[in-house]
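As given, the protein sequences belong to chains H and V, one line each in that order. Take 1 as the starting number for the first sequence in the working numbering and just add one per residue. Take 1001 as the starting number for the second sequence in the working numbering and just add one per residue.
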Amino acid sequence: MERETKLFFGGMILAALGFFIPLYFGKIWLGLFLAILIAVIFLGRLLSLSEKEFESKVAYRIVYGLVVLVVLFHAIAFAHDYGRKDYQKDLLLEIRKTIDSGITQADVREKLIYVLGQYHQNDRESIVATFRDQMPEHLGDDGVYLSDFDLRKAGGDSSMANIDDDHINHFYEIDAEADEIKVIVVTDISLGSDPEFENYDGQKGRFEMVFTLNEEGVSYEVLN
Amino acid sequence: MIVVLVTVGFSFIQDDWKLIPNEINYLFNIHPSTLIISLATIDAIDVFSGERAKGFSITWRAASIYFNVLIYLMLGPYLFFKGFKKAKSNQDNAKPWYWYIGGAICIGSFMIIPVEIRHLHSYYSEVYNSNMENVDKSRESDLMRTELAEVGFAAAQHEILEDGVNESFEIEDLNLHDLKYDHSVVSIESDTLLVISVSNPEQPDLGHVMEVRPYSESVLRIRN
């Protein structure tokens, strides 16, 4: 077998191993990098083998230059795309977090402000009692707070027919003694700042915020 | 000859001529990292919509990336060199069939040059920059709206706890810290309707106006 044929099959097998083993573990960029690297080494070796076959040095240098150009542009293409590899994901997750946060503010905080208004306007004695009177449908079993989305979905709202889940989980805690209600919100998709944060619902590292309603007003805190 | 063929090939790629099925087309992708970007984008959309990201695994599309490297950087040069050697050993210098195939593949591999130049040109072009400016502007507008809602909720709570607001009410009375934008009271139409606005001196064309109704179930309403 000729040397270039051995070189080709050797390079082909090495490039396959270099590409498919990282790909098996989900590291496709590493796989592509290794495949290109092995291909570049192969091209270099093939060029050195071919040098004696050329009748003129000029022809060899032209071929050498063209190979360098192609390799250079492959390297630029790889580096450029690798630099943008997480752009779409980061952008979409940022948008998702803004949406989740906005929906929660509009859904939960608005209701708590309304209850606060009713409590003060009607000189009620208890915030918790006011909430139970005004918004009983939101207080589900086992501390699950039913959001507007949950209620509309359960009510058979046709505009929700194609949406299975909003991926925002709500819970509540009532402290009757302190006359205080907490609504805890955890998202399934949006990530919080700490990837190790233990979320209220058992998830890890998700965006979480808590709203607190008492007679002093409504406050909220982003926990992760 | 090379210039003509590279130009035709470039046009073939850019104009997306559909002569062969996609599954085979993937094999001849001169710019394999774009395929990884497209796979990552599909994953990002899945994550955004609440589906589980598939990640990178051994599929035909992923495997085609290896074949792109193999065909353009290894097989083409190998066949071309082997044919070149064979032709030299022939007395009549006749080229074997694989010299033509190798040559065609090598010409194809040069297309990475115009394709990547065009890629980089579009990335740094005015149209792209203008799009990115619009994205930034839209993001800024969202942030302004979010901060205005924050001020609106605080104003609603202030109205409730202070039993209405008088004509001298100003946003500064809310004692909100770290506000990034300029907020002002547009009008106090009654003790149950306050109109506030947000503006940004650095971007005078951006701004929002919001109605605040503390005792209504719909506490905030954006006017624009």
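Beta carbons: idealized from backbone N, C-alpha and C, even for Gly. Note that this is a predicted model, so its numbers are computed, not measured.
For residue i, three-class secondary structure by DSSP
i: H:Ser56; result: coil
i: H:Lys85; result: coil
i: H:His138; result: helix
i: H:Ile181; result: strand
i: V:Ile1222; result: strand
i: H:Asp164; result: coil
i: V:Asp1191; result: coil
i: V:Glu1133; result: helix
i: V:Leu1027; result: helix
i: H:Ser48; result: helix
i: V:Val1165; result: coil
i: H:Leu191; result: strand
i: V:Asp1142; result: helix
i: V:Ile1058; result: coil
i: V:Ser1197; result: strand
i: H:Glu198; result: strand
CB contact below 8 Å: residue i versus chain V
i: H:Phe171; result: no
i: H:Val185; result: no
i: H:Ile189; result: yes
i: H:Leu46; result: yes
i: H:Asp81; result: yes
i: H:Val210; result: no
i: H:Leu93; result: yes
i: H:Lys226; result: The question about residue 226 of chain H has no answer, for chain H in this structure spans 1 to 224.
i: H:Ser50; result: yes
i: H:Val222; result: no
i: H:Phe19; result: yes
i: H:Ala16; result: yes
i: H:Val232; result: Nothing in the structure corresponds to residue 232 of chain H, since chain H is present only between 1 and 224.
i: H:Ile213; result: The sequence given here has Leu at residue 213 of chain H, not Ile. Chain V contact via Cβ: absent.
i: H:Thr130; result: no
i: H:Lys89; result: yes
beta-carbon residue i near the ligand SAH non-hydrogen atom, thresh 7 Å
i: V:Ile1030; result: In terms of ligand content, the structure shown is empty, and the ligand SAH therefore cannot be addressed.
Short CB-CB distance (under 8 Å) between residue i and chain H
i: V:Leu1148; result: no
i: V:Gly1102; result: no
i: V:Lys1082; result: yes
i: V:Glu1140; result: no
i: V:Val1198; result: no
i: V:His1031; result: yes
i: V:Met1210; result: no
i: V:Leu1161; result: yes
i: V:Ile1107; result: no
i: V:Val1047; result: yes
Classification of residue i by the beta-carbon crowding that lies within 10 angstroms, buried from 16 upward
i: H:Ser147; result: buried
i: V:Ser1197; result: buried
i: V:Gln1091; result: exposed
i: V:Val1127; result: exposed
i: H:Phe131; result: buried
i: V:Leu1214; result: First, the residue type needs correcting, since residue 1214 of chain V is Pro and not Leu in the sequence shown. By the 10 Å Cβ count, V:Pro1214 comes out buried.
i: V:Thr1059; result: exposed
i: V:Glu1159; result: buried
i: V:Gly1108; result: buried
i: H:Lys52; result: exposed
i: V:Trp1099; result: buried
Nearest residue (CA-CA) to residue i, options the options
i: V:Ser1216; options: V:Phe1080, V:Tyr1066, V:Gly1103 and V:Asp1191; result: V:Asp1191
i: H:Asp175; options: H:Glu196, H:Ser126, H:Val185 and H:Glu94; result: H:Ser126
i: H:Leu91; options: V:Thr1041, V:Gln1203 and V:Glu1023; result: V:Thr1041
i: H:Glu221; options: H:Glu196, H:Lys204 and H:Val186; result: H:Val186
i: H:Asn214; options: H:Phe197, H:Asp179 and H:Ser193; result: H:Asp179
Under 9 Å from the C-beta of residue i: neighbouring residues of chain C
i: V:Gln1203; result: The question asks about chain C, but that chain is absent: this structure's protein chains are H and V.
Span of the beta strand (DSSP E) around residue i
i: V:Thr1041; result: V:Thr1041 -> not in any beta strand (DSSP E); alpha helix (DSSP H) instead, spanning Pro1032 to Phe1048.
i: H:Arg206; result: Arg206 to Asn214
i: H:Ser219; result: Gly217 to Val222
i: H:Asn169; result: Ile168 to Asp175
i: V:His1208; result: Gly1207 to Val1212
Residue range of the alpha helix (DSSP H) that includes residue i
i: H:Glu4; result: Arg3 to Tyr24
i: V:Gly1103; result: Trp1097 to Ser1109
i: H:Ser158; result: Per DSSP, H:Ser158 belongs to no alpha helix (DSSP H) and is neither H nor E.
i: H:Gln118; result: Glu110 to Gln121
i: V:Glu1116; result: Ile1112 to Tyr1123
i: H:Arg152; result: Asp148 to Ala154
i: V:Pro1077; result: Gly1076 to Ser1089
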